[in-house]
Amino acid sequence: MFQAAIIAVLVSLVLAVWRALAGPTVFDRLLAANAIGTGTILLLALFGFMTGRPEFLDIGILYALLNMIGTLAVLKFFRYGGLGHRGEDEETGA
Amino acid sequence: MDMAINIASWAALLGGGFFYLVGAVGLNRMPDFFARMHAASVSETLGAGLLVLGMLLQAGPTLVAAKLVIILLVLLTTGSVATHALARAALHDGEKPLVAGEDGKLAAVDPDTLFTGLGARLAAPLRSETVEQPEQDPSKP
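Protein chains in written order, with my numbering: chain A, 259 to 352; chain B, 10 to 150.
Laid out in structure tokens, this is it:
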């Protein structure tokens with residue numbers, strides 16, 4: 259049964275990569291990147307269970323934390339919908 | 010008893026895989042960004058939740074189960090926060106959602122007409138971003 263779930267997650271990852279490459283807006287790409295991160299974590303956990311080595315879950319937790327930090331960093335970057343937002347220094351500076 | 014747990018676990022794993030796949034297909038087939046975000050959250054909540062439930066039933070009450078619960082909690086919290094922030098960023102950027110009109114055709118609509126005052130609220134700084142001015146105490150120099 260783990261094999262079936264792994265195949266489903268792998269196909270979903272391919273579809274998410276497709277959306278990340280094709281996505282018309284930057285937000286589509288971000289959404290797909292987020293989905294890829296989630297898929298990676300689940301894939302690691304399922305793979306560990308399939309091979310009888312649940313130690314893979316530690317790597318999954320690591321990826322979950324990295325995914326969280328990465329997502330929040332990128333979203334803060336895109337808080338104003340683009341890369342061209344002026345920083346505080348530029349606004350107040352002469 | 011073992012057999013019953015196994016069957017429940019298999020059902021959860023198969024259901025989780027199915028919903029995960031449905032979410033990924035929706036991510037590609039939905040017409041606009043907000044609908045795609047809706048489809049992606051299916052796989053992040055129902056799909057991931059069922060997959061982790063299936064693995065939990067296989068693991069039994071061990072340390073592995075605790076790690077699985079940690080993974081699920083992290084996924085659920087970050088998924089919702091990221092979706093919320095992503096939607097806000099997209100609205101702020103002027104992304105127009107598709108809404109069915111009178112004739113049933115989908116058309117891009119300015120979100121300000123759907124929710125009055127949305128543009129002003131998006132333009133205003135977040136509460137966490139406003140710097141509180143230190144109170145001036147007149148008795149002290």
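Quick reminder that beta carbons are idealized off the backbone N, C-alpha and C, glycines included.
Only a predicted model underlies this, so the values are computations on that prediction, with no experimental measurement involved.
In this structure, the straight-line span from the alpha carbon of Leu107(B) to that of Gly35(B) is close to 16 angstroms. Under a criterion of Cβ atoms nearer than 8 angstroms, the residues of chain B adjacent to Met259(A) are, in order, Ser18, Trp19, Leu22, Leu23, Gly63.
Using a Cβ distance threshold of 8 angstroms, Phe42(B) and Thr283(A) count as a contacting pair. Using beta-carbon distances, Leu268(A) does not count as an interface residue toward chain B, since no partner is under 8 angstroms.
Contacts with chain A at 8 angstroms (Cβ-Cβ) do not include Leu107(B). In the structure shown, the three-state DSSP call for Ala133(B) is coil.
Excluding five sequence positions before and after Gly306(A), the CB atoms of its chain that fall closer than 7 angstroms to its own CB belong to Pro312, Glu313, Phe314, Leu315, given in chain order. Chain-order list of chain A residues neighbouring Leu77(B): Ala303, Pro312, Leu315, Gly318, by C-beta distance under 9 angstroms. DSSP lists Ala116(B) as the bridge partner or partners of Val108(B). Proximity of chain A to Val73(B) at the Cβ level (cut-off 8 angstroms) is accounted for by Pro312, Leu315, in chain order.
Distance from the CA atom of Ala262(A) to the CA atom of Ala99(B), rounded to whole angstroms, is 35 angstroms. Neighbours of Leu324(A) in chain B, taken as residues at a C-beta separation under 8 angstroms, are lacking, since the least C-beta distance is about 11 angstroms.
The beta carbon of Gly88(B) sits closer than 6 angstroms to those of Glu53, all from its chain and outside the five residues before and after it, given in chain order. Within chain A, no C-beta atom comes nearer than 7 angstroms to that of Arg130(B); the closest sits roughly 15 angstroms away.
Residues Leu59 of the same chain have their beta carbon placed closer than 6 angstroms to that of Gly24(B), with the five preceding and five following residues left out of the count. By the Cβ neighbour-count rule, Asn15(B) is exposed, with fewer than 16 other Cβ atoms within 10 Å of its own. Annotation note: the region 57-104 of chain B contains the following uninterrupted alpha helix (DSSP H) runs of length 4 or greater, listed N- to C-terminal: 57-68, 72-101.
Distance from the CA atom of Lys76(B) to the CA atom of Thr329(A), rounded to whole angstroms, is 21 angstroms. Distance check between Pro120(B) and each of Met64(B), Glu104(B), Leu30(B) places Glu104(B) closest, using alpha-carbon atoms only. With a cutoff of 8 angstroms on beta-carbon distance, Val51(B) and Val83(B) are scored as not near each other.
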